[in-house]
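Engineer:
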Amino acid sequence: MPKKIIAANWKMNNDEYSSKKLTFDFLKHLSKSNNENVLKILAVPFPFLNTVSKMCDGVDSVKVASQNCSSYDMGAYTGEVSANMLSSISINFSLVGHSERREIFMEKDEDILDKVRLLLENKISPIFCCGESINARKKGMHLDHIEKQMRNSIFKLDASEFKKLVIAYEPIWAIGTGETASINDIDEMHNHIRNLIKSNYSSSLSNSISLLYGGSVKPNNAKEIFDIKNVNGGLIGGASLNAKDFIDIVNSIN
Ligand code: PGA
314 MPKKIIAANW KMNNDEYSSK KLTFDFLKHL SKSNNENVLK ILAVPFPFLN
364 TVSKMCDGVD SVKVASQNCS SYDMGAYTGE VSANMLSSIS INFSLVGHSE
414 RREIFMEKDE DILDKVRLLL ENKISPIFCC GESINARKKG MHLDHIEKQM
464 RNSIFKLDAS EFKKLVIAYE PIWAIGTGET ASINDIDEMH NHIRNLIKSN
514 YSSSLSNSIS LLYGGSVKPN NAKEIFDIKN VNGGLIGGAS LNAKDFIDIV
564 NSIN
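Numbering-wise (the numbering used here), the sequence shown opens with residue 314 and increments by one.
1. Check this for me: beta carbons of G528 and A494, under 9 Å apart or not?
2. For the alpha helix (DSSP H) that contains N397, what are its first and last residues?
3. Taking only three categories from DSSP, how would you classify F441?
4. Between which two residues does the alpha helix (DSSP H) harbouring Y330 extend?
5. To which residues of the same chain is H411 closer than 8 Å at the C-beta, ignoring the five residues directly before and after it?
6. Counting pairs of Cβ atoms below 8 Å between the region 464-482 and the region 519-537, do you hit three or more?
7. Rounded to whole angstroms, what's the CA-CA distance from K345 to I318? Just pull it up for me.
8. Of all the alpha helix (DSSP H) runs that stay within the bounds of the region 515-539, which reach a length of 4 or more residues?
9. Hey, is K324 close to the ligand PGA, as in C-beta under 8 Å from one of its heavy atoms?
10. Which of the three DSSP states is assigned to S379 in this structure?
11. Nearest-angstrom Cα distance between G392 and Y385?
12. Just how far apart, CA to CA, sit S374 and V351?
13. Figure out for me which residue from K436, N348 and I506 has the closest Cα to the Cα of M463.
14. Within 10 Å of its beta-carbon, does E413 have 16 or more other beta-carbons around it, so buried, or fewer, so exposed?
15. Using 8 Å as the Cβ pair cut-off and three pairs as the minimum, do the region 396-409 and the region 424-435 touch?
16. From the DSSP secondary-structure annotation, give me the bridge partner or partners of K353.
17. Comparing the CB of I459 with every heavy atom of the ligand PGA, is any distance shorter than 8 Å?
18. Opposite I485 in the DSSP bridges: which residues?
19. Candidates P360, A378 and D338: which alpha carbon is nearest K436's?
20. Can you tell me whether DSSP reads V429 as helix, strand or coil?
21. Taking only the alpha-carbon atoms, compute the straight-line gap between P360 and Y330 and give it to the nearest angstrom.
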């Protein structure tokens, strides 16, 4: 069985004070009802990784993640943050290839593969994000689009590396828009991803990978999404900025 995971993606929100407050409130709610079987991951901005990690220290089912890392190893890359730096502060997960990185910062599949490899070398599990635009979906190209994103990057890994990944499917048109993909859309895509992994590697590997859905997941729609067979959790943007909403989403998964 894949691990159940609910990950918060704070994006470029919060400052030092509000990060601490959000983490404090999250841990307070969690202390009342913590489903230990669900891994909770907080993907927070770089400056708050250490503080949030220290606050969550000792809560085994909570991990802190970065939202990105450099595609370079080390050296003269002003402003970049390397996987090695993240590993040196005990970060075990990182988002990679989020559609906002792909669209706004022009990240290509090749850059994403470099990042994934560096993360793995540094013992950090990549949460690989993929998703199609509204145009690709309207043209009926959504399944091919996701396959291409995977073939150009993570399908180049060998099985021993691939098994350390978490995959998040996030249709771009559903991110931050309040528009969620339909149950059928999510079901179709998650089955497709599971089958692609199976045909590229093996069914046992495919069945072990956590597949998350992201895109306008809220407390009022989380349960029906998490009840879909091949959905093993969620990547939550907007709703993760409210501790109570985030915990309600966490508690929506069985
Ligand atoms: P959203 O963001 O929940 O605000 O749609 C999800 C994400 O971008 O990871």
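Ideal Cβ positions, reconstructed from N, Cα and C, are used throughout, including at glycine.
Structural biologist: Concretely, from the data shown:
1. The criterion of a C-beta distance shorter than 9 Å is satisfied by G528 and A494.
2. A396 to S401
3. strand
4. E329 to K345
5. The beta carbon of H411 sits closer than 8 Å to those of N322, Q380, N381, C442 and E483, all from its chain and outside the five residues before and after it, given in chain order.
6. yes
7. 19 Å
8. 516-519 and 535-539
9. Within the chosen limit of 8 Å, the ligand PGA reaches the beta carbon of K324 through at least one heavy atom.
10. strand
11. 12 Å
12. 7 Å
13. I506
14. buried
15. Below 8 Å, enough C-beta pairs join the region 396-409 and the region 424-435 to call them touching: three or more.
16. I319 and V375
17. no
18. The partner list for I485 (beta bridge, DSSP) is empty, contrary to what the question assumes.
19. A378
20. helix
21. Here the alpha carbon of P360 sits roughly 12 Å from the alpha carbon of Y330.
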